[in-house]
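A.B. asks: Which chain is which? The protein sequence lines are R and H, in order.
As numbered in our numbering, the first sequence has no gaps in its residue numbers, which increase by one up to the final residue, 279.
As numbered in our numbering, the second sequence has no gaps in its residue numbers, which increase by one up to the final residue, 174.
Starting off with a structure, shown below.
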Amino acid sequence: MLFSTLPQLRWAGCVAALGLLSGCELLEFSPNAYNGSKEQSNLTAKNLARMATNPLRAGDTLRFVFTGDSQRFYDHAEKLVESVNQQSGLSFMVVAGDISDFGLAREMRWVDDRLSKLDIPYLTVIGNHDQVGNGREAYQHVFGPLNYSFVYGDTKFTLIDTNSREYNFNGRIPDIGWLQQQTRSLDGAKRQVVLCHVPPLDGDFDPKLTEPYAKALEVAPKLTFALNGHTHSFGVSEPFDDGVTYISSYSFQKNQYVILTVWNDANDQPKFRLKTIAF
Amino acid sequence: MPGKAPFFLTLHVGGGAGTVALGGGVQLAHQRLEPEVLVGYVPRRFSSKPLTIFTFKATYLPIRPTFGNHWRASAGVGGYVNYTHGATIRDSKDPSTYTPGYYFFSTKVRTGLFVTPRLTYAGIATVQHPNPSRVSAYAELGTNDLYLLSLLPNKGGISPTDILTLGFGSKVGW
């Protein structure tokens, strides 16, 4: 991350890259374009690769940071990073969407400039603000897939695009078939977590898909909880009275984040503990 | 340099107006004010699908010292408004998708400000050629409305250098 951490070198790089045109973010073709440093592309894959080099032993309790909606709160992001770096025993951080406010690649890179200073990797799911303008394409270039899953330690994570309004409620977002396919199998894990941006009872979630989405989570084996952002306010609830716990994240602006600890009890059922940290 | 033929053509790179943009305009107010229009293009490599950008720009050049018979150095400021069209651009003001005010900003219309240094070479006017052609090279260092909105509410967040945009180009006038 040489270019992102040393502004002087980034400027020197920009001058050197003038001939190449595309390597320099300063030489702006359009705010909707995503030309710039290759260091800040495919960040999801890079962070997953980083996690793979630091695996959690089977049976170990998993501890991770849960937050969301970084948007234009850059000063808050710096304080959050300072606070998270003081915690111990964390494996990674998840950001529940709305990395950007205007769907611009520069915004996503400004957030990465800060979150890349975390001692732990971080992962994101796309939010509605990340999709406006050319944001959906910029997000895929800077971060990666809109829907993806991974197993870390004994926990499977499924991250899914639930920003139905950004697809004009076309009935295909969230992709229920893909969600069912992912949550049906634990891929060797002992529990699972689903993360999205817009929660299923929000006005920006396709109402035709609310019930199938909730049902997919209800029948998902060993589901610990479902996580979301978008509301900017922290909350824990069981909105469908179906035994599925939904947890909504703080936004960066709230100067608080959550540490989630997950494990399985003696009956091999998933359990979690939740701790709120102010910064 | 005679000001009887104030038209010029522009080849422009970056500055939020496209990877490459072509256009032209006129020189007014004793060659100090230059309104122009540009059509820019961003290839899919940088934006998933190609973008077309229509820009109206005005440059004011109050400082215009000459050096010898041919050279002139200028410095000025300018502003622009542009509209972006592209197959993947989602319009934040689309009434079929969003209620009024859902997003307060436009994703298709951008405004911006810049400062611009310029170097111009001009032929010498003669009886036979009273309006010799002239060619200029310029740079533009600026920013746009959304980047300013990203900077202003953040005390200690991103820095002014983060929001800078660079463009450069050449103008041929006759």
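All C-beta atoms in this analysis are idealised placements derived from N, C-alpha and C, irrespective of residue type, glycine included.
Keep in mind it's a predicted model, so treat the numbers as computed, not measured.
Output needed for residue 172 of chain H: all residues of its chain with C-beta closer than 7 Å, excluding positions within five of it in sequence on either side, in chain order.
C.D. replies: Here the set comprises 8, 9, 133, 135.
A.B. asks: Comparing alpha-carbon positions, which option in R:36, R:131, R:99 lies nearest residue 90 of chain H?
C.D. replies: If we check each option's Cα against that of residue 90 of chain H, R:131 comes out closest.
A.B. asks: Starting from residue 156 of chain R, follow the beta strand (DSSP E) in both directions and report where the run begins and ends.
C.D. replies: First-last of the beta strand (DSSP E) with residue 156 of chain R: 155-159.
A.B. asks: For my contact list, residue 270 of chain R and residue 258 of chain R are in at a C-beta cut-off of 8 Å; report their separation, rounded to the angstrom.
C.D. replies: In fact, because the Cβ distance is near 17 Å, the residues do not count as touching under 8 Å.
A.B. asks: Determine the chain H residues that contact residue 84 of chain R at a beta-carbon separation under 9 Å, and present them in chain order.
C.D. replies: Residues of chain H passing the Cβ test: none, with the nearest at roughly 17 Å.
A.B. asks: Please name the residue in H:31, H:46, H:27, H:20 whose C-alpha comes closest to that of residue 39 of chain H.
C.D. replies: Of the candidates H:31, H:46, H:27, H:20, the one whose C-alpha sits nearest the C-alpha of residue 39 of chain H is H:20.
A.B. asks: Count the other CB atoms, across all protein chains shown, that sit within 10 Å of the CB of residue 179 of chain R; report buried if there are 16 or more and exposed otherwise.
C.D. replies: With 16 or more Cβ atoms within 10 Å of its Cβ, residue 179 of chain R is classed as buried.
A.B. asks: With a threshold of 16 other CB atoms inside 10 Å of the CB of residue 101 of chain R, please say whether the residue is buried or exposed.
C.D. replies: Label assigned to residue 101 of chain R: buried.
A.B. asks: Which residue marks the beginning of the alpha helix (DSSP H) containing residue 56 of chain R, and which one marks its end?
C.D. replies: No alpha helix (DSSP H) holds residue 56 of chain R; DSSP gives it neither H nor E.
A.B. asks: Measuring CB to CB, does residue 205 of chain R end up less than 8 Å from residue 158 of chain R?
C.D. replies: Not a contact, by the Cβ cut-off of 8 Å.
A.B. asks: Which stretch, first to last residue, makes up the alpha helix (DSSP H) that contains residue 174 of chain H?
C.D. replies: Careful: residue 174 of chain H lies outside any alpha helix (DSSP H) and carries neither H nor E.
A.B. asks: Reducing DSSP to helix, strand and coil, say where residue 180 of chain R ends up.
C.D. replies: If DSSP states are grouped into helix, strand and coil, residue 180 of chain R belongs with the helices.
A.B. asks: For residue 110 of chain H, which three-state DSSP category applies?
C.D. replies: Of the three classes helix, strand and coil, the one that applies to residue 110 of chain H here is strand, per DSSP.
A.B. asks: How big is the Cα-Cα spacing for residue 61 of chain H and residue 23 of chain R?
C.D. replies: Roughly 31 Å separates the two Cα atoms.
A.B. asks: Please identify the residue among R:97, R:55, R:79, R:41 whose C-alpha is closest to the C-alpha of residue 282 of chain R.
C.D. replies: Residue 282 of chain R lies beyond the range of chain R shown here (1 to 279); nothing can be said about it.
A.B. asks: Please name the residue or residues paired with residue 228 of chain R in a DSSP beta bridge.
C.D. replies: Per DSSP, R:248.
A.B. asks: Rounded to the nearest angstrom, what separates residue 48 of chain R and residue 165 of chain H at their Cα positions?
C.D. replies: Going by the C-alpha atoms only, they are around 32 Å apart.
A.B. asks: Residue 88 of chain R to residue 54 of chain R, Cα distance in whole Å?
C.D. replies: C-alpha separation (whole angstroms): 15 Å.
A.B. asks: With 8 Å as the C-beta to C-beta threshold (strictly closer), list the residues of the stretch 27-43 of chain R near chain H in chain order.
C.D. replies: If the cut-off is 8 Å between Cβ atoms, the stretch 27-43 of chain R has 27, 28, 29, 30, 31, 32, 33, 34, 35 near chain H.
A.B. asks: For the beta strand (DSSP E) containing residue 51 of chain H, list its first residue and its last residue.
C.D. replies: From DSSP, the beta strand (DSSP E) with residue 51 of chain H extends over 51-63.
A.B. asks: Using the beta-carbon of each residue, which ones in chain R are nearer than 9 Å to residue 96 of chain H?
C.D. replies: Going along chain R in sequence order, the residues near residue 96 of chain H (Cβ under 9 Å) are 168.
A.B. asks: So residue 104 of chain R contacts chain H; which residues on that side make the cut at Cβ distance below 7 Å?
C.D. replies: Those are 146, listed as they occur along chain H.
A.B. asks: Give a yes or no on whether 8 Å exceeds the smallest Cβ distance from residue 163 of chain R to chain H.
C.D. replies: No, its Cβ sits nowhere closer than 8 Å to a Cβ of chain H.
A.B. asks: Buried or exposed, going by whether 16 or more other CB atoms sit within 10 Å of the CB of residue 146 of chain R?
C.D. replies: By the neighbour-count rule (16 or more Cβ atoms within 10 Å), residue 146 of chain R is buried.
A.B. asks: Residue 267 of chain R touches chain H at which residues, Cβ-Cβ below 7 Å?
C.D. replies: Near residue 267 of chain R there are no residues of chain H at all, since even the closest Cβ is about 46 Å away, more than 7 Å.
A.B. asks: Whose CA, out of H:82, H:156, H:86, H:125, lies closest to the CA of residue 145 of chain H?
C.D. replies: The shortest C-alpha separation from residue 145 of chain H is found at H:82.
A.B. asks: Roughly how many angstroms separate the alpha carbons of residue 98 of chain H and residue 203 of chain R, rounded to a whole number?
C.D. replies: Distance between the alpha carbons of residue 98 of chain H and residue 203 of chain R: 11 Å.
A.B. asks: Can you find a C-beta in chain R that's less than 8 Å from the C-beta of residue 42 of chain H?
C.D. replies: So, interface residue.
A.B. asks: Under 8 Å between C-beta atoms, does residue 75 of chain R make it to chain H?
C.D. replies: With 8 Å as the cut-off, residue 75 of chain R counts as an interface residue toward chain H.
A.B. asks: Could you check whether the Cβ of residue 105 of chain H sits closer than 8 Å to any Cβ belonging to chain R?
C.D. replies: Yes, because at least one Cβ of chain R sits closer than 8 Å to the Cβ of residue 105 of chain H.
A.B. asks: Does residue 133 of chain H have its Cβ less than 8 Å from a Cβ in chain R?
C.D. replies: Cβ-Cβ to chain R under 8 Å: no for residue 133 of chain H.
A.B. asks: Which same chain residues, not among the five before or five after residue 137 of chain H, have their C-beta less than 6 Å away from its C-beta?
C.D. replies: If we look at residue 137 of chain H and ignore the five residues flanking it on each side, its Cβ neighbours are 119, 170.
A.B. asks: Looking at residue 55 of chain H and residue 17 of chain H, is the spacing between their C-beta atoms short of 8 Å?
C.D. replies: Result yes, Cβ atoms of residue 17 of chain H and residue 55 of chain H sit closer than 8 Å.
A.B. asks: Which chain R residues sit within Cβ distance under 8 Å of residue 110 of chain H?
C.D. replies: Simply 31.
A.B. asks: Is it the case that the Cβ atoms of residue 62 of chain R and residue 188 of chain R are separated by a distance below 8 Å?
C.D. replies: Contact flag unset, no.
A.B. asks: Assuming residue 85 of chain R and residue 115 of chain R make a contact with CB atoms under 8 Å, what is their CB distance in whole Å?
C.D. replies: Residue 85 of chain R to residue 115 of chain R, Cβ: 11 Å. No contact.
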